[in-house]
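These notes concern the structure reproduced below.
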Amino acid sequence: MDDGIFKGLKVLDCASFIAAPAAATVLSDFGADVIKIEPPGAGDPYRNLPNLPGYPRSEHNYAWMMESRNKRSLALDLAKPEGKEVLRKLVAEADVFITNFPPPVRARLGITYADLAPLNERLIYASFTGYGERGAEADKPGFDSNAWWARSGMMDLVRADEESTPARSVAGMGDHPCAMALYGAIVTALYKRERSGKGSEVKSNLMANGIWSSSVLAQAKLVGAEFQERRPRERALNAVANHYRCRDGRWLILSLLNEERQWPTLTRCLGREDLTNDPRFATKPDRHARSIELIAIFDEIFATRDLAEWRKALDGNGLVFGVVGILDDIPNDQQMIENEVLVPFENNTIMTINSPIWVEGSTKTRPRLPPAVGEHSDEVLRGAGYDDAAIRALRAAGAVG
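Here it is, written out as structure tokens:
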């Protein structure tokens, strides 16, 4: 076993909020040394997310724990010449530089690819934006709720039916998939560097990832497909690919794509073998033609038992179904724990969510709790060659916190 695939890789996380910093988190999970660059004082504004209205209250900064585990914090004011010079010195020795600052901000701070690439020919410059870097919206800031969720059509598509209001997203639901795209771009560029010896710029954005996520129906629209109305659950076209409420209020979803073979098994598991050869539902076309009637029957059946009872009845029979999970399920989900989807922080009993990639024969870093603002400033600066007097001078100038 090794100490991590990216041991020795130096990464500068000069980004904020979720998507771009989370890509750096995945690199850190595989051993990269990630330096989080954030403003002195309050730091990355994402640290304040749990204090916003509507977010869960906790003694722990759960948002920061997720995105900044394993990282070292350097509090650096990039608006000051001294801060810019520190960054340039770090860039000269770095492997990866990640930013999601809007293009005008990058230009003002002197951290564009054109600014930094001449300092290090092996640098991978990872750029993340809301809407891409060309066109009228290139400078427009974006969050996953608008640039990923709303712009892609998903906010409209996943509503219960055409009469329902567009569906709201939840925090980070687009940012984390986007982080994996940016991570993939960085790793691809690192592979390219192995072959060429040269660094390069890689890019991704919320809008592109959003349309990629909704691409099945988006592609249908691009080829002029004819769309049907969005029907409510009770009027779905296929009863065996639908969700049902159990006696205890929990939901499960059936996903029987091979229904001709699985129909008799389903009726047996439901305790309704009489339905197997019921002339109304005997064939697949019959079941689809009478889907509303069959859904009503299933609604009555599923309402007779709790979710746990239905899981026991349906499991082990080759039927594809899923539990509509709720957050209360997660802490004790043994399947997640046994597969290291949930892992404990180093020297701590608190669990966190692992990045969704494993490489056989390579260890992942045991998650370390995230840093306070500037917790590692002195350490990072000394590693870059600054002595104590130089560090005091940077603090006196207000460039370092």
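According to full-length UniProt numbering, the stretch in the sequence shown is residues 1 to 401, in order. Note that beta-carbon positions come from the ideal geometry of N, C-alpha and C, so glycine has one too.
Query, Result
"Given that a residue counts as buried once 16 or more other Cβ atoms are within 10 Å of its Cβ, and exposed if not, what is M1?", "Low confidence applies here, because M1 scores a pLDDT of 48, under 50, leaving its location unreliable; read the following figure in that light. M1 is exposed by the Cβ-count criterion."
"Run through DSSP, which three-state label would I138 get?", "Ile is not the amino acid found at residue 138; the sequence shown has Ala there. DSSP places A138 in coil when its eight states are reduced to three."
"Count the other CB atoms, across all protein chains shown, that sit within 10 Å of the CB of G41; report buried if there are 16 or more and exposed otherwise.", "exposed"
"Assess contact between the stretch 310–324 and the stretch 250–266, defined as three or more Cβ pairs (one per stretch) separated by less than 8 Å. Is contact present?", "yes"
"Are the Cβ atoms of E82 and A397 separated by less than 8 Å?", "yes"
"I think I35 touches R72, with their Cβ atoms under 8 Å apart; what is that distance to the nearest whole Å?", "5 Å"
"For L237 versus R230, is the C-beta distance shorter than 8 Å?", "no"
"By the DSSP assignment, the beta strand (DSSP E) with F97 in it spans what residues?", "96–99"
"At the level of alpha carbons, what is the spacing between A147 and L294?", "39 Å"
"CB-CB under 6 Å to L74, same chain, minus the five flanking residues each way: which ones, in chain order?", "I35, I37, S377, V380"
"The alpha helix (DSSP H) that contains N209, what's its start and end?", "206–213"
"Closest to F30 by CA distance: which of L270, L314, I357 is it?", "I357"
"Between the stretch 182–199 and the stretch 157–172, do at least 3 Cβ pairs fall closer than 8 Å?", "no"
"Report the rounded CA-to-CA distance for A160 versus A150, giving the unit in angstroms.", "16 Å"
"Considering just the uninterrupted stretch of the beta strand (DSSP E) at H243, what are its terminal residues?", "243–245"
"By a C-beta neighbour count over all protein chains shown, 10 Å radius and 16 as the cutoff for buried, is A308 buried or exposed?", "exposed"
"State the Cα-Cα distance for the pair A15 and F101, rounded to the nearest angstrom.", "6 Å"
"Can you grab the Cα-Cα spacing for the pair A181 / W251, in whole Å?", "31 Å"
"Can you tell me whether L12 is buried or exposed, with buried defined as 16 or more other CB within 10 angstroms of its CB?", "buried"
"Y55: buried (16+ other C-beta within 10 angstroms of its C-beta) or exposed?", "exposed"
"With DSSP collapsed to three states, give me the class of Y62.", "helix"
"Once DSSP output is grouped into helix, strand and coil, what is the label at L342?", "strand"
"Looking at C-beta atoms only, is the number of pairs between the stretch 44–54 and the stretch 112–122 that lie closer than 8 Å three or more?", "no"
"Thinking C-alpha only, which one of M65, P50, W64 is nearest S58?", "P50"
"For the beta strand (DSSP E) that V11 lies in, which residues bound it at each end?", "10–13"
"Please report the residue range of the beta strand (DSSP E) in which residue 478 lies.", "With the chain running from 1 to 401 in the structure shown, residue 478 is simply not present."
"In the DSSP assignment, find the unbroken alpha helix (DSSP H) run with I350 in it and report its ends.", "Segment: none, I350 is in no alpha helix (DSSP H) and carries neither H nor E."
"When the Cα atoms are used, what is the spatial distance from F17 to I98?", "12 Å"
"Under a three-way DSSP split, which group does A75 fall into?", "strand"
"Would the beta-carbon of G172 fall within 8 Å of that of L206?", "no"
"Taking DSSP's pairing of strands, which residues face G322 in a bridge?", "I253"
"Can you grab the Cα-Cα spacing for the pair Y386 / E133, in whole Å?", "36 Å"
"Between which residues of its own chain and E346 is the CB-CB distance below 8 Å, once the five residues before and five after are set aside?", "R366, P367, R368, L369"
"Whose C-beta lies closer than 6 Å to the C-beta of G401 among residues of the same chain, with five residues either side of it excluded?", "P40, A75, G374"
"Check this for me: beta carbons of S200 and K192, under 8 Å apart or not?", "yes"
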